[in-house]
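Residue numbers (my numbering): 67 to 177.
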């Protein structure tokens with residue numbers, strides 16, 4: 067089997083499945099964010115409720131809601147159109163910001 071060069075399409079690849087794969091990836095990422103938010107709440111409740119811990123947990127939950135909003139907007143866009151529009155840069159920046167900030171909040175809770 068030959069490898070397609072630049073400008074050629076792979077005849078074995080079904081481009082119609084790409085939106086479905088992307089939609090499933092967004093769902094998996096949303097589930098991972100949900101686990102992070104739940105673990106943040108568990109950490110605060112189990113380790114004692116310090117003021118810094120509660121703030122970090124609250125920020126983590128707000129960031130999770132923001133990521134959930136961006137993800138569901140993208141999932142709906144991928145489900146509606148057979149050829150969805152490109153992901154808006156501001157939504158991509160929001161998703162990255164929420165992900166990185168949740169990691170920072172998680173690190174603050176652990177330390």
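Every residue, glycine too, gets a C-beta built ideally from N, C-alpha and C.
Return the residue from the list the options that minimises the CA-CA distance to residue i.
i	options	result
residue 126	136, 145, 101 and 148	101
residue 236	115, 128 and 174	Outside the displayed span of the chain (67 to 177) sits residue 236, for which this structure offers no information.
Can you find the residues in the same chain that come closer than 8 Å, C-beta to C-beta, to residue i, ignoring five residues on each side of it along the sequence?
i	result
residue 120	110
Which same chain residues end up closer than 7 Å to residue i when comparing Cβ atoms and leaving out the 5 residues on each side of it in sequence?
i	result
residue 165	133
residue 167	129
Under the assumption that residue i contacts residue j (Cβ atoms under 8 Å), give the Cβ distance between them as a whole number of angstroms.
i	j	result
residue 92	residue 140	6 Å
residue 89	residue 144	4 Å
residue 123	residue 106	5 Å
Does the Cβ of residue i have 16 or more other Cβ atoms within 10 Å, making it buried, or fewer, making it exposed?
i	result
residue 136	buried
residue 99	buried
residue 178	The structure shown does not extend to residue 178, since the chain is modelled only from 67 to 177, so the question has no answer here.
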